[in-house]
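Residue numbers (the numbering used here): 7 to 245. Quick reminder that beta carbons are idealized off the backbone N, C-alpha and C, glycines included.
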């Protein structure tokens, strides 16, 4: 069933406008009476098309329910900036797995070091990747890719979550040893191709961030976040 997103659903006069409306009418060639799903604020609305104009699709709501595919926890991925193609893969797959937000972080060992202004130009494409992944995986929200930030800012933001975790190749606790029960907000910090500088690790630890590891095998920077997110979703009964 075709799936579309709205920031808010007007339950009195539900309507889709803009590029999505044109896509429904011209690309998908949908007709009045056909069914589609509209997602807004974590709720799925099963709708029947009432009328289609050149730039608007008017709907009738048939039923609504909380999105079953949306995790019960909020997980923000803080990803040290890798090469762009790897970042695109990480965004796509982390959205499919249930991440709520992706925040690129510039660390000391990042090989790719884009300036914030230059990176801002790429945000539209990165957020489009997140949108398409959200549609494909049946998410109830569109996870946002945020502007790039520095390591200290990332650590400060992570400290505000209930369970902040840094994946550190030099060791830490296993995920099964983390105190996750009853917690709803998680943050996960993953290094780039070069990992983390020891001073960065100490700064994170001093801020109360848990260091965790995935065993003796060294995973690529695009594999590690997907593995860690999968484990957290499993532990919190979301996988």
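Report yes if the C-beta distance between residue i and residue j is below 7 Å; otherwise report no.
i: residue 101; j: residue 149; result: yes
i: residue 197; j: residue 86; result: yes
i: residue 109; j: residue 132; result: no
i: residue 73; j: residue 146; result: yes
i: residue 181; j: residue 218; result: yes
i: residue 191; j: residue 167; result: yes
i: residue 203; j: residue 114; result: yes
i: residue 69; j: residue 57; result: no
i: residue 117; j: residue 199; result: yes
i: residue 195; j: residue 234; result: no
i: residue 213; j: residue 172; result: no
i: residue 39; j: residue 77; result: no
i: residue 241; j: residue 186; result: yes
Report the three-state DSSP secondary structure of residue i (helix, strand or coil).
i: residue 18; result: coil
i: residue 99; result: helix
i: residue 51; result: strand
i: residue 66; result: strand
i: residue 208; result: helix
i: residue 216; result: strand
i: residue 8; result: coil
i: residue 239; result: helix
i: residue 188; result: coil
i: residue 200; result: coil
i: residue 231; result: helix
i: residue 165; result: coil
Opposite residue i in the DSSP bridges: which residues?
i: residue 82; result: 107, 193
i: residue 181; result: According to DSSP, which records beta bridges pairwise, residue 181 is partnered with nothing at all.
i: residue 151; result: 108
i: residue 41; result: 54
i: residue 23; result: 62
i: residue 172; result: 195, 217
i: residue 71; result: 50
i: residue 124; result: Residue 124 pairs with nothing; no bridge assigned.
i: residue 156; result: 112
Here's the rule I'm using: 16 or more other beta-carbon atoms within 10 Å means buried, otherwise exposed. How should residue i be labelled?
i: residue 153; result: exposed
i: residue 98; result: buried
i: residue 216; result: buried
i: residue 19; result: exposed
i: residue 207; result: buried
i: residue 170; result: buried
i: residue 93; result: buried
i: residue 22; result: buried
i: residue 41; result: exposed
i: residue 124; result: exposed
i: residue 32; result: exposed
i: residue 174; result: buried
i: residue 7; result: exposed
i: residue 50; result: buried
i: residue 126; result: exposed
Answer with yes or no whether the minimum CB distance from residue i to chain B is below 7 Å.
i: residue 22; result: Considering every chain present, this structure includes no chain B. It has just one protein chain.
task = Would you check if the stretch 158–176 and the stretch 50–68 touch, i.e. whether three or more CB-CB distances between them fall below 8 Å?
result = no
- Item | At least three beta-carbon pairs within less than 8 Å, the stretch 15–29 to the stretch 39–48 | yes
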